[in-house]
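Have a look at the structure below, then the notes.
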Amino acid sequence: MSISDRTFRTPQADLRLSQSSGSGIPIVMIHGSGSSRAVFARQFDSPLADAHRLIAFDLPGHGESSDARDPATAYTIAGLAQTTARLLDALGIDRAIIFGWSLGGHVAIELASFHHAVSGLVLTGAPPVSRGPLGMLRGFHANWDMLLASKKVYSERDVERFEALCFGDTASPSFREAIRRTDGRLRAGVARSMFAGGGADQKQVVEHASFPVAVINGEHDPLVRLSYFETVAYASLWEQCHVISGAGHAPFWEQPELFNPLLSRFAEAVVKQSTASPALQSQAR
Numbered sequence: 015m016s017i018s019d020r021t022f023r024t025p026q027a028d029l030r031l032s033q034s035s036g037s038g039i040p041i042v043m044i045h046g047s048g049s050s051r052a053v054f055a056r057q058f059d060s061p062l063a064d065a066h067r068l069i070a071f072d073l074p075g076h077g078e079s080s081d082a083r084d085p086a087t088a089y090t091i092a093g094l095a096q097t098t099a100r101l102l103d104a105l106g107i108d109r110a111i112i113f114g115w116s117l118g119g120h121v122a123i124e125l126a127s128f129h130h131a132v133s134g135l136v137l138t139g140a141p142p143v144s145r146g147p148l149g150m151l152r153g154f155h156a157n158w159d160m161l162l163a164s165k166k167v168y169s170e171r172d173v174e175r176f177e178a179l180c181f182g183d184t185a186s187p188s189f190r191e192a193i194r195r196t197d198g199r200l201r202a203g204v205a206r207s208m209f210a211g212g213g214a215d216q217k218q219v220v221e222h223a224s225f226p227v228a229v230i231n232g233e234h235d236p237l238v239r240l241s242y243f244e245t246v247a248y249a250s251l252w253e254q255c256h257v258i259s260g261a262g263h264a265p266f267w268e269q270p271e272l273f274n275p276l277l278s279r280f281a282e283a284v285v286k287q288s289t290a291s292p293a294l295q296s297q298a299r
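Structure below.
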């Protein structure tokens, strides 16, 4: 197994990407706000990378990708999903599992509302909320820490607090630098787009999905309401809403020995379903 890095130019940004040489169904991993593709290191350094074509990229304004050329349109949930779609098309991917964490989960749901390649969806730390402020309040804890998600300029104290919210005491030293590097205009733009109710109604997308949807959260996630996930009327929930014990907002990083087998099993279920019924790939989202 090998891992290669490339840069793709899209209309909105130059995206830095890593992918493994595994031959199984692609698993496209979308990171959260203030992070980068490096957060998925413990998936790349596992049997998943041998079994599947793992793909992770830095969102615009993050990591080694460029800032957006037009922040007003790119730094929204819909804009980030369109950029992701451009990347999938450039890579020639017509069938994939999309794994989205936190902001990446919301981007993944938006992507699933219009892109034919989504054959399975994995959501971690990303409640599929209805449009507008009320939906947000139902899916997320209402506390002062949530203001960090929309704050344009971070102090060093903000950087430290955001790191702790995302990773507890398990963060890699590089994660703090990734938070500092992030284009703060993205945080402000994404928050406005979610509160304004732009893009797809994420609750309806997940409730009407014909492809399998996996929900895997950390037991002690400080940002999202785990009880909310149980209220969603999933049409195709895989198994159950899984909760990783002893983990917070990033269980795939904090407890990969528990998370990775679930992701692997989900991938097997997606392949089995799509092989048994190929027509599902073209049904409505």
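Okay, so the sequence shown: first residue is 15 according to the working numbering, each after it adds one. Beta carbons are placed, not taken as given, at the ideal position from N, Cα and C, and that holds for glycine. No experiment lies behind these values; they were computed from the predicted model shown.
The beta carbon of S207 lies closer than 6 Å to those of T90, I91 in the same chain, with the five residues before and after it left out. For Q216 against H120, the beta-carbon gap comes to about 7 Å, under 8 Å, which counts as contact. Among the bridge pairs identified by DSSP, N231 is matched with V257.
In the DSSP assignment, H66 is bridged to G38.
Straight-line spacing of the CA atoms in E174 and K165 works out to 14 Å. Within the region 64 to 129, the beta strand (DSSP E) runs of at least 3 residues that lie entirely inside it are, in chain order, 66 to 71, 110 to 115. Pairing Y242 with P147 gives a Cβ-Cβ distance that is not under 8 Å. P226 has its alpha-carbon roughly 22 Å from the corresponding atom of V238. Fully contained in the region 158 to 202 are the following alpha helix (DSSP H) runs of length 4 or more, in chain order: 170 to 181, 187 to 195. Assignment of R206 by DSSP, reduced to helix, strand and coil, places it in the helix class. Per DSSP, R20 lies in no alpha helix (DSSP H) segment; the continuous beta strand (DSSP E) that holds it begins and ends at 17 to 23. Counting every other CB atom within 10 Å of its CB across the protein chains shown gives T184 a total below 16, marking it as exposed. Beyond the five residues adjoining it in sequence on each side, S188 comes within less than 7 Å, by CB distance, of A52 in the same chain, given in chain order. Between the C-alpha atoms of S259 and G232 there is a straight-line separation of about 6 Å. Between V136 and the set S288, F280, W267, the nearest pair of CA atoms involves F280.
Out of G48, S34, A283, G36, the CA that lies nearest to the CA of A163 is found in G48. Non-local beta-carbon contacts of F181 in its own chain, meaning distances under 8 Å to residues more than five positions away in sequence, involve F189, G262, H263, A264, W267, E268 in chain order. In terms of CA proximity to S224, S133 leads the group S133, A86, S50, D108. Sequence-distant Cβ neighbours of A202 in its own chain, meaning closer than 7 Å and more than five residues away, are S164, K166. For D72, the CB contacts under 6 Å within the same chain, skipping 5 residues up- and downstream, are R30, S50, R51, E78, S79 in chain order. Looking only at H256, V229, E221, D108, the smallest Cα-Cα distance to Y248 is reached by E221.
For L276, the uninterrupted alpha helix (DSSP H) segment begins and ends at 270 to 290. Less than 8 Å divides the Cβ of S35 from the Cβ of S16.
Judged by DSSP secondary structure, L137 falls within the beta strand (DSSP E) whose first and last residues are 132 to 138.
Distance from the Cα of A82 is smallest, within the candidate group D197, P61, P275, for D197. Among the bridge pairs identified by DSSP, V220 is matched with none.
Its chain contains G262 as the residues whose beta carbon lies nearer than 6 Å to that of H234, once the 5 sequence neighbours on both sides are disregarded; these appear in chain order.
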